[in-house]
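Protein chains in written order, with our numbering: chain Y, 310 to 677; chain S, 20 to 506. By construction, the Cβ of each residue, glycine as well, lies at the ideal position given by its N, Cα and C atoms. Read the structure below first, then the notes.
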Amino acid sequence: MKKYALKYCLFLLPFAAAIALELFVLPGDFFTFRAWETLVVKHTFGGLLKGPFYPNMTLVKTETGGDLKPSSACAEKKKDVLWQTDAYGYRKVPSPVRRYPVIVVGDSNAAGGGLSQEEMFSEVLEKRLGLGVYPLAPDSIKYIFKHGLLKETKPDVIILENIERGILTGNFTIRPGASFQEMSRAERLLWKIRLHPVVQRAAVTLDRALKANMLQFLRARINARPAAAAAHSSGNGCPILFLQGEKANRDVPDETRRAAVRKIRELSIFFTGQGIRFIFLPIPNKENIYSRELGTPRPVFLEKLIAELREAGVEVIDTQKAYEDITRREGRHLYHRDDTHWNAAGVETAAALVSEALRQKTPAAAPR
Amino acid sequence: MDFYSPEFFAFSLAVLALYFVVPVRLRWVVLLAASYSFYAAFKAAYLGILVFCTLAAYGGALAINRCEARQTRRLMLIAGLVCQLGILGIFKYVNFLDASLGQLLGWGGMAYSGVALTFIVPVGISFYVFQNVSYLVDVYRRDVPAERHPGIFAAYVAFFPKLLSGPIERASQFLPQLSEHSRFDAERFTNGLKLVCWGLFKKLVIAERLAAFVNVVYADPQAYSGVSLALACVFYSFQIYCDFSGYTDIAIGLGQMFGLRLTDNFNRPYSATSISDFWRRWHISLSSWLRDYLYIPLGGNRAGVLRHYLNYLVVFGLCGLWHGASWTFVAWGLLHGFYLVCGRITAKPRAALAAAVGLDRKPAPARCLKILITFILVTLAWIFFRAESLSQAFYILGHLFSGWENLFAAEALGPMLLLTKSRTDLVLAVLSLVFLGVVHALERHENMRRLFAGRPLWARFAFYYVLVAGILLLSPPNAANFIYFQF
C-alpha cells in the first residue's frame with residue numbers, strides 16, 4: 310500500500326508542479342487573451358463567489374483584437390485595459406460607499422467588455438451625473454435582490470441596459486413581492502463569510518485551478534482549426550465583423566415584440582411602484598446599425614419596440630435613432646470593428662442620452 | 020453527468036471511498052444508492068422504469084424458483100419476458116412500428132395519422148432489459164438460483180459503470196461477487212485506473228478525433244468524392260470501436276476498482292479472420308447473449324441447412340433492431356446475417372480456391388488477406404449503422420468508388436483527405452490509429468499489464484504520461500456522448 314502511495318505521489322508530481330506554477334508563480338492572466346477570461350467566475354462553489362468576476366481584483370491587461378476574430382491581421386491594435394472589481398465581484402472600484410443612487414443592470418456591454426474601466430458606461434455616467442452609479446453586470450435584473458449591498462439600499466434610478474438580440478431572450482422577471490429591505494442576521498453572516506478575504510482568496514484559487522487556463526491554452530493551440538469562413542463581414546480590406554450577420558436583421562414576429570413590451574412594462578410598473586425611476590436602455594445590434602454594409606434591409610424591431618414601450622408609458626432611451634444618426638451623418642464608429650460590443654464612442658453617446666433624460670427632474674413618461 | 024467528465028470521476032471516487040468504508044453487509048446500499056442517483060441524474064422519470072423492470076425481474080425469478088410444475092414455470096417465465104420485452108417495446112419500438120405502418124399504408128394509398136407517442140427512450144434500457152431476460156431464463160433453466168435479497172439484485176441490475184451500455188452481465192458471473200467480502204486492493208485499484216485511462220484515451224483522443232472527419236462527410240455525403248467517403252467509412256470503423264470499447268474499458272476498470280469483475284466485451288475485433296470470428300470478438304456480451312438465448316433456442320445449426328441460414332438472418336436482424344428502432348440498423352444486422360450465410364455457402368469453394376493458388380501453404384499472407392476482407396465487409400456494413408437513412412447509406416455505397424482517378428493528383432488529394440480543413444487533425448488521427456495498432460499488436464502476444472510489469476518504472480511512467488497528456492491535451496472541448504448510449 311505504501312509502495313503504491315509513493316508511486317502515485319511520484320506520478321502526480323509534475324501535474325502538481327504545473328498547477329502550482331500556474332496558480333502561484335505566473336501572473337493570473339498569463340494564459341488568457343482578455344481580462345474578461347482572466348477574471349470571470351466559472352464555479353460559484355455554492356454561492357461563495359456570488360458575482361460574475363473575481364472579487365477585489367486590479368488587472369491591467371494588454372488586449373489585442375476583439376472577441377470575433379482576435380488573431381486576424383485586422384485585429385484592432387493592442388490596448389491596455391484596466392479592470393477593477395469590488396468585494397462583490399462586480400466591475401467597480403472598491404469604495405466605502407454604502408448606497409448608489411443609480412444602478413445599471415445589463416449585459417456584457419454594461420460590464421465593459423473590450424473597454425477599460427474609465428470607459429465603462431457606469432463610470433462615464435457617474436462622471437456626467439456626479440452621482441454614484443453601480444454596474445450590476447453582466448446579470449439579470451433579479452440579482453439586485455441578491456446583491457449583498459444593493460438588496461437593502463433602495464436606489465433612485467434603475468437603468469436596464471440590454472442588447473437588441475438579448476431583448477428577445479431576456480430574463481426580465483423578478484420574484485413577486487421582491488423588495489429592498491434589511492438583511493436578516495443569517496444573511497448578514499453569510500455575506501460576512503463570502504466577503505472574508507481568506508474565503509475569497511481560497512475560492513478564487515480553487516476556481517482558477519478548475520478553470521485550468523494553462524491546459525486550455527495548450528489544448529487550444531494543439532486543436533486549433535482554421536476559423537469557419539462564415540465570419541460575417543462587410544467592406545474591403547479589414548472588414549467589420551459581426552456576431553450573427555444577416556440572421557440578426559431578420560423580421561421579428563409582432564407577438565414576440567409585444568411579449569417583450571409586456572415584460573418590460575411589468576418591470577417598469579414594479580419599480581416605479583416602489584418610487585424608483587426605471588429607464589430602459591436598449592442597445593441596437595451592430596448588424597442593425599450597419600445593415601447597409603451587410604446588405605440587409607434595415608431592421609425595424611427596435612424602432613417599433615421603443616415606440617410601443619413609450620406608448621405603454623415606459624421611459625426608454627432611443628439609442629436606435631441616435632446611433633443611426635451618428636453613424637450615417639458623422640461617419641463615426643460606435644462599435645469595435647472586430648468585437649460585438651460598443652466602443653468608447655458608443656458608450657459616450659448612450660451616457661449622454663441617459664444623463665440628458667435624468668436631468669429632466671420628472672420622467673418623460675409613467676407606466677400606463 | 021457525462022461518463023468521461025471530471026464530475027463523473029469525482030462521483031466515482033466518492034462512491035469508492037464510501038464503498039470500502041461501510042461494513043461489507045451494507046456495500047450493496049452504497050452501490051444501489053450511487054447507481055440510482057447516477058441514473059436519475061439523466062432524468063428522474065427513467066428511474067421509475069428501471070425500478071419497475073428490476074422489481075418485475077426479481078419477483079418473476081422468485082415465482083419461477085418457487086414453482087415445481089414445468090408448465091407453471093414456463094408460464095411464469097413467459098409472463099416475466101413479456102413484462103421486460105413489453106417495456107422495451109413500448110419505449111423503444113412503438114413509434115418506429117407506428118411510423119413504419121404509416122409508411123406501409125401510405126404506399127398502399129391509405130391514410131394513417133399514427134399515434135405519435137412522445138416517449139424519450141430511457142438510456143441503457145436495452146442493456147438492463149436483456150440482462151433481466153437472461154437472468155429470468157437462467158433461473159428457469161435452473162442455471163442460477165433466484166436472488167432472494169432485493170437490494171443485492173437491484174445493485175446487480177443497476178451497477179452504475181455498466182448500467183448505460185453494458186457489458187450485459189450474466190447473473191451467474193456477477194451476482195455472487197456482490198456478496199463476496201473483498202478488501203481494498205491497491206494493485207487491483209491501480210490496474211482498474213489504468214484501464215479507465217486507456218478507455219478515456221480511446222474515446223477522447225482517438226474516437227473523437229476520427230468523429231470530426233466522419234461527421235463532416237455524413238452531414239453532406241453528396242459533397243464528397245469516393246476517396247473522402249472511403250476515408251470516412253474506414254475512420255468510422257475505428258471510431259465506433261474506440262468509442263464503444265473505450266466505454267467498456269472505463270466500465271470494466273471502474274468495476275475492478277470496486278473489486279468487481281465485469282465481462283470482457285472486445286478482443287481486437289479488427290483482427291478477425293471471418294465474420295463469425297468478428298462476432299466472437301465484438302460486443303462479446305451481446306453476441307454470446309444472442310447465441311445462448313436466441314440462436315440456440317431457435318435450433319442453431321442443428322435444424323437443417325435452410326433453417327440454419329434463416330436463424331442467422333433472424334438473429335442478426337433482431338440484433339440490428341436491438342441497436343436502434345430504425346431500418347438502417349435492421350439492414351446492418353441483416354447484412355451481417357447475409358455475410359454469415361454466404362460464409363457458410365462459400366466455405367468449400369473458398370478453401371478450394373486457396374489451395375489452387377497456394378494460399379493454404381502460406382498461413383501468414385492468407386491470414387492477412389482474411390483480416391483485410393473481413394475488415395472491408397465489416398466497414399461496408401457500418402455504413403448502414405452510421406447513415407441517417409437507407410437512401411444515404413445506398414448513396415455512399417454507390418459513390419464509394421467514384422473519383423479515385425484523382426488520388427495521385429497532388430492538388431486534389433489534400434482537399435479529399437483534409438476533411439476538417441486541418442492538417443494537424445489528419446496527422447493526429449493517423450498517429451492515434453498507429454498508436455492503437457501498436458498497442459493491439461503488442462497485446463496479441465501478451466496482455467499489456469503483464470508486458471509492462473517487468474519494465475523499469477520510467478518506461479511505465481512514460482507510457483502513462485503519454486496516455487494522460489493525450490487525454491488532457493488532445494481531447495476536444497465538447498466531446499460527444501458515447502455512441503452506444505443511444506441504444
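Closer than 7 Å, CB to CB, is residue i near chain Y or not?
i              : result
L223 (chain S) : no
A205 (chain S) : yes
A242 (chain S) : no
Could you name the residues of chain S that residue i contacts, counting a contact when the two beta carbons are closer than 9 Å?
i              : result
R528 (chain Y) : L491, L492, L493, S494, P495 and P496
F320 (chain Y) : F480, Y483, Y484 and V487
Y313 (chain Y) : A205, E206, F208 and T209
Spell out whether any CB of chain S is found under 7 Å from the CB atom of residue i.
i              : result
L524 (chain Y) : yes
I328 (chain Y) : no
Y632 (chain Y) : no
M310 (chain Y) : yes
A540 (chain Y) : Low confidence applies here, because A540 (chain Y) scores a pLDDT of 47, under 50, leaving its location unreliable and the question unanswered by this model.
I531 (chain Y) : yes
R607 (chain Y) : no
Does the distance from the C-beta atom of residue i to that of residue j stay below 7 Å?
i              : j              : result
G415 (chain Y) : E473 (chain Y) : no
Y599 (chain Y) : I531 (chain Y) : no
A621 (chain Y) : V570 (chain Y) : yes
L197 (chain S) : A174 (chain S) : yes
C261 (chain S) : I402 (chain S) : no
V406 (chain Y) : G441 (chain Y) : yes
K111 (chain S) : V140 (chain S) : yes
I588 (chain Y) : I483 (chain Y) : no
Q629 (chain Y) : E617 (chain Y) : no
W351 (chain S) : F404 (chain S) : yes
I97 (chain S)  : Q150 (chain S) : no
L643 (chain Y) : R517 (chain Y) : no
Looking at the C-beta of residue i, does it have a partner C-beta in chain C at a distance below 7 Å?
i              : result
K440 (chain S) : Absent from the structure is chain C; the protein chains it does hold are Y and S.
Query raised in the report: At a Cβ cut of 7 Å, what residues of the segment 207–234 of chain S count as close to chain Y, listed as they run along the chain?
Result: Within the segment 207–234 of chain S, the residues whose Cβ lies closer than 7 Å to some Cβ of chain Y are T209, listed in chain order.
Requested in this report: Jot down the residue ranges of each uninterrupted alpha helix (DSSP H) in the segment 372–442 of chain Y, minimum 4 residues, whole runs only, in chain order.
Outcome: 430–438
Query - Every unbroken alpha helix (DSSP H) inside the segment 215–295 of chain S [4 residues or more] - result: 227–238 and 245–277
Query raised in the report: Taking only runs of the alpha helix (DSSP H) that begin and end inside the segment 600–628 of chain Y, which ones reach a length of at least 4 residues, in chain order?
Result: 600–603 and 610–620
**Report entry** Minimum length 4: unbroken alpha helix (DSSP H) runs contained in the segment 409–449 of chain S
**Finding:** 409–418 and 429–436
Requested in this report: Starting from the N-terminal side, write out each stretch of the alpha helix (DSSP H) that is 4 residues or longer and does not extend beyond the segment 475–556 of chain Y.
Outcome: 494–504, 506–520 and 522–531
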